[in-house]
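Below is one structure, written out as structure tokens; comments come after it.
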Ligand SMILES: NC(=O)c1ccc[n+]([C@@H]2O[C@H](COP(=O)([O-])OP(=O)(O)OC[C@H]3O[C@@H](n4cnc5c(N)ncnc54)[C@H](O)[C@@H]3O)[C@@H](O)[C@H]2O)c1
């Protein structure tokens with residue numbers, strides 16, 4: 051990736067949690083960053099803490115017209131687009147039998163159709179710039195299954211596949227497309243989850259948003275031969291199962 055100075059970056063869901071940490075890290079890297087989110091108050095507050103190289107834009111990722119406006123605003127304010135981080139996401143807790151169909155569709159709309167719309171409108175601009183990076187924030191739920199959040203799992207597997215399809219189509223334009231797969235990260239999204247959820251992982255703790263942000267910065271700046279690739283940061287939660295075999299006598 052060339053110098054991010056004089057280039058714009060869009061981080062969706064940038065008002066809080068992982069997105070806010072990514073926005074902060076990419077401002078540090080020299081970019082002009084659009085904090086794009088549904089949450090106007092929180093988004094403005096986050097952008098203000100980041101200084102003059104950050105700006106809030108209202109964006110519902112499911113709204114195609116809003117994508118056009120945000121992309122125009124980004125390039126008019128900070129220069130040609132260099133990076134799109136599709137980070138906005140939601141989770142709905144509900145089993146296959148109990149979840150309302152409308153909610154299942156809504157999760158897919160935000161977590162999968164939203165990033166597709168972003169790539170659909172960002173790709174021609176990145177192609178025109180001659181280079182760029184798209185980072186799609188999937189999840190370990192895009193690598194394995196989880197019960198009780200089927201829509202989320204389906205959306206994150208979908209986003210992983212979409213990443214590979216886009217990587218194939220955009221490589222000739224010098225545009226790399228990668229997915230990130232965090233395990234449990236301490237954010238508002240996970241605030242109500244069992245704090246012991248990570249206890250069985252090799253690294254038995256929740257991750258921090260800054261750890262995801264550092265991975266995203268690595269993909270943007272350093273991973274110059276990676277496209278269509280999956281970057282996992284999950285404390286080892288998807289590595290495998292521990293076998294409880296017969297007790298062995300070590301003496
Ligand atoms: N926290 C975790 O443990 C974890 C793990 C794996 C993946 N992820 C993924 O990381 C991303 C960020 O999650 P987080 O934990 O920071 O969650 P969060 O709920 O703290 O933040 C998500 C942000 O996305 C915004 N958003 C939601 N719907 C939107 C829409 N339609 N348009 C624009 N913005 C919208 C929200 O307003 C919020 O600011 C999500 O895609 C999530 O699925 C999170």
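Numbering (this note's numbering), first residue to last: 51 to 301.
Just so it is clear, CB atoms sit at the ideal spot from N, CA and C, and this is done for glycine as well.
- Distances taken from the Cβ of residue 111 to the heavy atoms of ligand 1 include one shorter than 7 Å.
- Residue 232: member of the beta strand (DSSP E) spanning 225-232, first to last residue.
- The criterion of a C-beta distance shorter than 8 Å is satisfied by residue 248 and residue 285.
- A distance below 6 Å between beta-carbons, with the five flanking residues on each side excluded, links residue 191 to the following residues of its chain, in chain order: 202, 203, 206.
- About 11 Å separates the beta carbon of residue 67 from that of residue 61, a gap too long to meet the 8 Å contact definition.
- Secondary structure note for residue 86: its beta strand (DSSP E) is the uninterrupted segment 82-87.
- Per DSSP, residue 98 is not a residue of any beta strand (DSSP E); the alpha helix (DSSP H) it occupies stretches across 90-100.
- Non-local beta-carbon contacts of residue 262 in its own chain, meaning distances under 8 Å to residues more than five positions away in sequence, involve 68, 71, 72, 187, 230, 232, 235, 283 in chain order.
- By the neighbour-count definition (other C-beta atoms within 10 Å, threshold 16), residue 165 is a buried residue.
- Checking the 7 Å criterion, the Cβ of residue 212 is out of range of every heavy atom belonging to ligand 1.
- Counting the other Cβ atoms within 10 Å of the Cβ of residue 119 gives fewer than 16, which makes it exposed.
- Leaving aside the five residues that flank residue 277 on each side, the residues in its chain whose CB is nearer than 7 Å to its CB run, in chain order, 217, 221, 226, 227, 228.
- With a cutoff of 8 Å on beta-carbon distance, residue 209 and residue 288 are scored as not near each other.
- Annotated three-state conformation of residue 58 is strand, per DSSP.
- Taken in chain order, the unbroken stretches of alpha helix (DSSP H) that lie wholly in the region 219-298 and span 4 residues or more are 259-271.
- Residue pairing of residue 70 in beta bridges, as defined by DSSP: absent, with no partner found.
- With fewer than 16 other beta carbons inside 10 angstroms of its own, residue 293 counts as exposed.
- For residue 103, the closest of 162, 150, 145, 80 by C-alpha to C-alpha distance is 80.
- The bridge partners DSSP lists for residue 108 are 87.
- Collapsing the DSSP output to three states places residue 144 in a strand.
- When rounded, the separation of the alpha-carbon atoms in residue 266 and residue 152 is 32 Å.
- Residue side-chain check: residue 66 places its Cβ nearer than 7 Å to a non-hydrogen atom of ligand 1.
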